[in-house]
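Protein chains in written order, with my numbering: chain U, 1 to 394; chain S, 1001 to 1312.
To start, the structure under review is shown below, and the notes come after it.
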């Protein structure tokens, strides 16, 4: 029987890590992810996990130690937010380029400056091209479930890439929700033993990791990495299917909500999708035909599937909880519009809303305003403004 | 067991020849000697900070390292190796490791004194069972001889050039050996590849087989940066040691200081400086004060060490 619990997003993440029982966790405190290593170190102190907890002196060293540990031959995990992720930047690329299936909980928080401890997606969105698989989570349940699936995806022989499981700082990380946990033995069986083919601690077959790789081979290695990211899509779906068989909870590349009869669609990540579902339910009752698409897998970007899902709409509003400061829209907007163009889908009108930066409260009225604007675009077939902000004093 | 040069050199070579380090460079000699101190049956996981030695010994698809080797980035070999050591500990605990593995990190002075200092300090403080070996050539040689905090005062480097107004580096060298000794870790040593390598070998053996963290600061002369003829490597290393510019000593638990080599005749530091092109300008007329200053500083640091060792 599944276990019914009430946990915060951070605690749910830590519980998933406990059930996974990785070889090494190396982490450094940063709000709002701090609780993850805090909870986890209590599991270590109480002897309920085998893990070596390495209380490093920075996030740079956290990722460096994860790379050393994973290359040595064990599962390595960490958790971080915002500036911590930024400090890891250099190593994010080394982890993925060295094809090390490290798993990280990214508790999304606004990047400095100015310093701000609250939620937006500027941290993980900045790392979107670092070669990490990125999976976003609306609720504590999703953050937990995604974490249980992460190793299966990362370690698949056709993938071998690190995975970042993202959730909204404070909004889900610190809010307690009802959650259904999977039993320890089922998690153990699902995640499986880690048996890397090549690892540093193998005396019989010593290896070297992280070479100087110049003009003759670097490009081929990058090409292989690109292929691995393409392969990840299929593997994510397979693992998600298997997870559904175990738990009954279905996960895909993205979630469609009330899109069946909708004329327009709002695309939104993480916890704001929850607010949007509430708004859309009400608007649907009023006869307004609006639905939601909530991307779960952002890297690899599911070009074909998301374009297929979006092609039928008259208008689409894409919400970005980060600003790319490029005068050309946020990352989700850029990726979706680029995908649509590449697939020859020119029908829907597309607008972008930047919202909620630095933890600015995202109210139902804000989402409703976005819905009304995209409904207006559909009705008038005119886009007055492509790049928009919501919930900010102008 | 007492050091036996003939026996030591018979041990299997763990750093294969054919790498691309310069002739007359001290660094690969340091690496070979340190690895020679391993028991032949022990496997090693070796980390390398970005630098001359890493890029010259591990150029895809070749490696000179017969043990397992990992290069991560410039500033994080301390943390990287501490992660590998943590992995070993957990596998040992789970009964999945059948043999003993030793953990050794190599970094140059740039990757150790400067950009990697935090990572080194963290690894030492956390108590990982590893040895960090700094091969100190006194500048960023890999990127083209830029000054580091290990560069001696007045040295001519490409970012502290001996110009018309500013005569080379203006600051004294950081004493990293003391910085690490003050972490109160089980074993810290300062050594150099000299003579029959006894000092270096014995310290490496102690560092590797003392449980817990150990640090070795090893002088590794650089013919390009120091500007000497490549065959002079061994001679120049000896001048550094005999002038007490680079004393050989060890510190046990941060408290017990042992000077392991007492020069019979402490030679003037000018003899060491004279052998190097990077100090050419200090011998120009009117620059005598520079040599005097350097001598004074070397004497003062040596006296301080004698006091710490109870030999003053």
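Every residue gets a Cβ at the ideal spot worked out from N, C-alpha and C, and that includes glycine.
This structure is a prediction, so every number in the text was calculated from the model and none was measured.
According to DSSP, residue 299/U shares a beta bridge with 134/U. Fully enclosed beta strand (DSSP E) runs of no fewer than 3 residues occupy 1187-1191 and 1214-1219 of the region 1180-1239 of chain S, in order along the chain.
About 7 Å separates the beta carbon of residue 1104/S from that of residue 1130/S, a gap short enough to meet the 8 Å contact definition. The contact set of residue 1097/S on chain U, defined by CB atoms closer than 8 Å, consists of 201 in chain order. The Cβ of residue 1180/S sits no closer than 9 Å to any Cβ of chain U. Against chain U, a Cβ distance below 7 Å from residue 1122/S picks out 56, 57 and 61.
Rounded to the nearest angstrom, the gap between the Cα atoms of residue 1078/S and residue 165/U is 27 Å. An exposed status is given to residue 48/U, since fewer than 16 other beta-carbon atoms sit within 10 Å of its beta-carbon.
Classified as buried, residue 1156/S has 16 or more neighbouring CB atoms from the shown chains inside 10 Å of its CB.
The distance from the Cβ of residue 269/U to that of residue 233/U is about 18 Å, inconsistent with a contact at the 8 Å cut-off. A contact is defined here as three or more CB-CB pairs under 8 Å, and the region 1082-1092 of chain S fails this definition with respect to the region 240-247 of chain U.
For the set 121/U, 107/U and 198/U, the Cα lying nearest the Cα of residue 144/U is the one of 107/U. Every beta strand (DSSP E) of 3 residues or more that sits fully in the region 1093-1128 of chain S is shown, in chain order, as 1101-1108. For the region 1125-1137 of chain S, residues whose beta-carbon sits nearer than 9 Å to a beta-carbon of chain U comprise 1125, 1126 and 1128.
In the three-state reduction of the DSSP assignment, residue 103/U falls in the strand class, which pools E and B. Excluding sequence positions up to five before and after residue 231/U, its CB lies within less than 7 Å of the CB of 158 and 159, all in the same chain and listed in chain order. Between residue 133/U and residue 83/U the beta-carbon gap is near 22 Å, outside 8 Å, which marks them as no contact. In chain order, 364, 367, 368 and 371 place their CB closer than 8 Å to the CB of residue 279/U, counting only its own chain and leaving out the 5 sequence neighbours on each side. Judged by DSSP secondary structure, residue 1069/S falls within the beta strand (DSSP E) whose first and last residues are 1068-1071.
Nearest to residue 122/U by alpha-carbon distance, out of 56/U, 354/U, 93/U and 215/U, is 354/U.
Residue environment for residue 1186/S: buried (at least 16 other C-beta atoms within 10 angstroms of its C-beta). Against chain S, the CB of residue 85/U has no partner CB under 9 Å away; the residue lies outside that interface. In this model, residue 120/U and residue 27/U are separated by some 21 Å (Cα to Cα).
Around the beta-carbon of residue 1230/S, fewer than 16 other beta-carbon atoms lie within 10 Å, marking it exposed.
The beta carbon of residue 1211/S is closer than 8 Å to those of 1129 and 1186 in its chain, skipping five residues each way along the sequence. The Cβ of residue 1202/S sits no closer than 9 Å to any Cβ of chain U. DSSP lists 353/U as the bridge partner or partners of residue 388/U. Residue 153/U sits in a helix when the DSSP states are folded into three classes.
The Cβ of residue 222/U sits no closer than 9 Å to any Cβ of chain S. Residue-level contact check: residue 1111/S does not touch chain U, since none of the beta carbons of chain U fall below 9 Å from its beta carbon. Under the three-state reduction of DSSP output, residue 18/U falls in the helix class. Partner residues in the beta bridge of residue 8/U, as assigned by DSSP, are 176/U.
Of the candidates 313/U, 303/U, 360/U and 191/U, the residue whose Cα lies closest to the Cα of residue 19/U is 191/U.
With a cutoff of 9 Å on beta-carbon distance, residue 1065/S and residue 1117/S are scored as not near each other. For residue 1305/S, the three-state secondary structure derived from DSSP is helix. Listed in chain order, the non-local C-beta contacts of residue 203/U below 8 Å within the same chain number zero, local neighbours out to five positions each way being set aside.
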